[in-house]
Amino acid sequence: MKNKRQGYFLPKTGVIVFTLLFGNLAKAQQLIELSGIIRNTGTQKGIDAVKVQVENTQDTASTDQLGNFKIRTRVTIPFRLTIHKDGFSSQTVEILSLSNKLTIGLNPQNTIIDDVVISASRIPEKILRSPIAIEKIDIKTIRESPAASFYETLENVKGLQLLTSSLTLKIPNSRGFNSPNNFRFMQLVDGVDVQSATLGVPLGNAIGPTELDIQSMEVTPGAASALYGMNAINGLASLQTKDPFTSEGISVYFRGGVNHVDNFNHKISSLGESAIRFAKVFHKNFAVKVNASYFTGTDWISNNQTDQNPNSLITANPNFSLANNPAEDLWNKYGDERNNRVAVKVDYNGKPTTFNVSRTGYLEKDLVSPEVKNIKFDAGLYYRFGDQWKASYVYRYGLLDGTFQRGNKIRLQNATVQNHKVELTGKELTFRAYVSIENTGDSYNLKPLADNLDLTNLSNNNWKSIFQTALQNNLNAGTNLNEALILARREADKNRVMPGTAAFEQLKNTIIGINNWDSANAGIAGAPATGGAKLEQKSRFYQGELTYDFSRFVKVFNLLVGIDYRLYSITPDGNNFVDFNRPVTERNIPLSNGTFGKDVIYQKYGAFAQVTKLFFDEKLKINAALRIDRNPEFEAKLNPRISVVYSPVKQHNFRASFQNGYRFPSLFEALSFVNNGNVRRVGGLTKVNDGLGYLENSYTLASIDRFTSAVNTDVDSGKSQSQAAQDNKQLLAVANLQKLQPEKINSFEIGYKSVFFNNKLALDWDFYYNIYEGFLGQVEVAVPKNSQIGSNTAVLAMLDRSKQDRYRVYTNSNNTYKSYGSSFGIRYNIIKNYNVNANVSYNDLASNNTSDLFITAFNTPKWMLNISIGNREIIKNIGFTVVARWQNGFDWESPLASGKIPAYYTIDAQATWKIPEIHANVKIGATNLLNRRYFQYAAGPEIGGLYYLAFTYDLKL
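Here the sequence shown stands for residues 438 to 1394, numbered as in my numbering.
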């Protein structure tokens, strides 16, 4: 009986317990739905794209075009909703019942007082209290910008330059030392470094977000290496995309436009871009997001024929007045550089005379097609679990055509970069791992293409002989010198292929399909008869990183700790990158399996800790960070940063910071091994130098130019070449290159941010002072074959190109360089919705009286000014923005081209028409509205006006 009762009691008790426990749990987890409308308190109109979130959960929603929203949650009443949209004051609303539809008003906020940024300290913080200079471009600013693409909005950021290499390729930089291949500026998309590994730089926005998926951009115009390491010593751009949980729907985008409207360099041309975005949440916790876009257009043309080897230089013919410089080296012409310059000796006016003469070469516009395209695709799976955790997988793909400038011009054709990323984020932890896969596709280098087009016709020596004979014959016939030089060139060039002919296209296509830049006609055994120019680079880099916020454990201060690891793996192609474990003479020869050896490995790992502490009723914030980075090729480097922010009141914020940063050499700077125009471009690591001797046994090319000029002058005066060489050998400078080291920066910064007049006026000022040590650059040197520098044999070898090996070496500067500058920005809400933004920047390099191995290439205008005025609703649903930019002229220096960049100004404008009834926006706009053509750097494209009409359609699901 007892057993019977027990057998009856226990199941019954279990049912009662189950009912009580899970009945209450089910009640607690009952799904509830809340709806409402969010209005602009100024206009009483609904506001779209407002983020609505249940506090302390990941339950979110966003408003539609009319301001309506619906949000579902399982929390119990009462709870609170947080309401946020850039450009409006954030709100928190307490929910006490579900009886009525909510009506919530947001106040327009025209300043930065409530903006939150993450990039400055890797944690959310008010932008006013950021420890370093930082700018945020929100979705509202992007939509109201007249820039043709959201990425080009960066051009208006205080202290930032944006160089245009192509319609598809734009490169940012800040605070000096600008370059179209900027190794010193880092770009992240949702935390992923989107650089092209072997090229060493982010390819603009070629693999970044589409126009429909961008949420915001944060820009740090200065050193950020204490937290991000590697390349971020000149700045960081962090692009954030839309969250599919808060931005659901289907969106489409179309943009059509025209450029080259003046038919200068190219006839008027059309461009177009299409994009689609799909985001959907399934069962509350699972979301999918897909983006795709396609752009095509006609690129800006680079056809500047500025001569950077004018007749007044010793490398030309300064003793003669010549209408046509036979030794010219034009910015956008290739094949006419110093390696294709020959010394022609004739009898002129009764005495022996030497003329420096360059090969004819080919213009850039004849070597590249101006048609470009960019295809982008990304897809992501997102899953939320618990109140704080989110896991995701994202795939990203970009295909790019464009022209890229490094030491030479590179035509990127069907170049691709792919990313695979997995990520886990929580309230305190972020783990991210990704792989980036690069393939340069059908790309090629313009310099070896031009060289080999000429060399296929004649070797330099044979061309020189024909030119020399023709010149002498014409002089003997009484022809004046200028005309005789022209006729001699015509004779030497009579059999070369000419642009526009079938023979030219056939030979060009043959050359760009061969990944060996040597030519048999350059005297290189085993080289292809036509030579090659193909850029065949394949690589992967793997990144893993983890950050954890220990603040709730420490409690005395906030503590953030992070670690990361990166590994580059490059497939050797026998041309640009080689297996250095193989003998020097075999590195460019394929193995029996068709490969060129084992993958080239380059890696680094690091860790950082950051402490933040508030004092004096949170008026004083002290932030200190310490990072350590290790690359097996170098010693470990410490990167400290300390900053102080003082806010006597909320509206006024003073800051000061110091940080030290290092930049490890990029792959190309460290490990390149490419023979280009019979000058080998080499990385600076000692293992690259092994067996070559350019570090310890070479003369600088600059000194060889002076030596050669002096010897030629003495020979023309009657001395023997041997005697002239001995008399002038003191002009030769030994390079004595040091072992490659990381670049170092010490950066000091002070700043002030404030708001006035009920937050209608915002001011932002900063000043920086940077000290660079071991600055990385290139120097060209010559190594005498089979002899040591200082010997008579080595001295004479400097007069005979066949008796020396030429190298262009990445190395560190001997000097310390100091740059400084300041920027000031103002934002003012004049009246109603009218806003004026203006910023001015000053940058300069302190003079250095000591000459260095190479040019430092500061490449930055002293003054830059941006001014904009706009009204997002001047009349119902119609707004406008006008932006004016100006910069002064400056000197540009680079291994490819140097010269003066004139001052220029541009005006951009746009008008937007919102059509809420059909969930659409129409934008008409222009960049460089007045079509005042300008160029931004030596050998860069000439940029004219671009005029467009864009249509966007958003449908909330």
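Backbone N, C-alpha and C define an ideal beta-carbon position, used for all residues, glycine too.
Could you say which of the options lies nearest to residue i if we only look at CA atoms?
i            : options                : result
residue 1308 : 562, 526, 581          : 581
residue 675  : 633, 574, 613          : 574
residue 991  : 1048, 559, 1117        : 1048
residue 1076 : 1316, 1109, 1180       : 1180
residue 1285 : 1267, 897, 1253, 1005  : 1253
residue 952  : 891, 1014, 896         : 1014
residue 697  : 833, 736, 1175         : 736
residue 1351 : 470, 485, 476          : 485
residue 657  : 646, 672, 1032         : 672
residue 1353 : 505, 489, 491          : 505
residue 1295 : 1310, 1287, 1321, 1327 : 1327
residue 896  : 864, 968, 865          : 968
residue 708  : 743, 570, 1163, 731    : 731
residue 1108 : 1011, 796, 533, 544    : 1011
residue 931  : 904, 945, 916, 944     : 904
residue 779  : 726, 753, 770, 612     : 753
Along the chain, where does the beta strand (DSSP E) that runs through residue i open and close?
i            : result
residue 1372 : Counting along the chain, residue 1372 falls outside any beta strand (DSSP E), and DSSP gives it neither H nor E.
residue 1072 : Premise fails: residue 1072 is in no beta strand (DSSP E) and is neither H nor E.
residue 773  : Neither: residue 773 is in no beta strand (DSSP E) and is coded neither H nor E.
residue 852  : 846-862
residue 719  : 706-719
residue 587  : Run containing residue 587: none; DSSP gives neither H nor E here.
residue 1185 : 1180-1193
Give me the Cα-Cα distance between residue i and residue j, rounded to the nearest whole angstrom.
i            : j            : result
residue 606  : residue 841  : 8 Å
residue 1102 : residue 1337 : 29 Å
residue 1265 : residue 1366 : 24 Å
residue 1368 : residue 765  : 30 Å
residue 494  : residue 805  : 54 Å
residue 776  : residue 641  : 32 Å
residue 783  : residue 1073 : 59 Å
residue 459  : residue 510  : Any answer about residue 459 is weak, because its pLDDT of 36 lies below 50 and its placement is not dependable; what the coordinates show is given next. Roughly 18 Å separates the two Cα atoms.
residue 462  : residue 514  : Note on residue 462: pLDDT 38, under 50, position unreliable in the model; the coordinate value appears next. Residue 462 and residue 514: Cα-Cα distance of roughly 14 Å.
residue 810  : residue 839  : 8 Å
residue 1159 : residue 1233 : 7 Å
residue 502  : residue 1278 : 38 Å
residue 1246 : residue 997  : 40 Å
residue 1281 : residue 649  : 38 Å
residue 1358 : residue 1038 : 49 Å
residue 728  : residue 781  : 60 Å
residue 1240 : residue 921  : 31 Å
residue 829  : residue 651  : 18 Å
residue 791  : residue 600  : 41 Å
Check the DSSP bridge columns for residue i and list the partner residues they point to.
i            : result
residue 601  : 607
residue 983  : 868, 1000
residue 1265 : 1198, 1273
residue 1243 : 1116, 1219
residue 545  : 525
residue 1321 : 1304, 1344
residue 516  : 532
residue 623  : 673
residue 490  : 497, 519
residue 1386 : 693, 1361
Can you give me the start and stop residues for the alpha helix (DSSP H) that residue i sits inside?
i            : result
residue 1284 : Run containing residue 1284: none; DSSP gives neither H nor E here.
residue 665  : 662-665
residue 1151 : 1138-1153
Shorter than 7 Å, the distance from the beta carbon of residue i to the closest heavy atom of the ligand SAH, or not?
i           : result
residue 886 : For the ligand SAH, the structure offers nothing, since it holds no ligand at all.
Closer than 8 Å is the cut-off here; do at least three beta carbon pairs connect the segment 660-669 with the segment 879-896? no
Does the segment 1196-1209 come within contact of the segment 1117-1133, defined as at least 3 CB pairs closer than 8 Å? no
Does the count of Cβ pairs from the segment 956-964 and the segment 834-851 closer than 8 Å reach three? no
Could you check whether the segment 623-638 touches the segment 848-866, counting it as contact only if at least three pairs of C-beta atoms, one from each stretch, sit closer than 8 Å? yes
Quick one: any contact between the segment 1178-1195 and the segment 1088-1108, if contact means 3 or more CB pairs under 8 Å? yes
Examine the Cβ distances between the segment 1209-1229 and the segment 577-594 and report whether three or more of them are shorter than 8 Å. no
Taking three-plus beta-carbon pairs below 8 Å as touching, is the segment 894-910 in contact with the segment 1019-1028? no
Touching or not, the segment 969-978 and the segment 1004-1012, by the rule of three or more beta carbon pairs under 8 Å? yes
Check whether the segment 1221-1232 and the segment 1269-1276 are in contact - that is, three or more C-beta pairs closer than 8 Å. no
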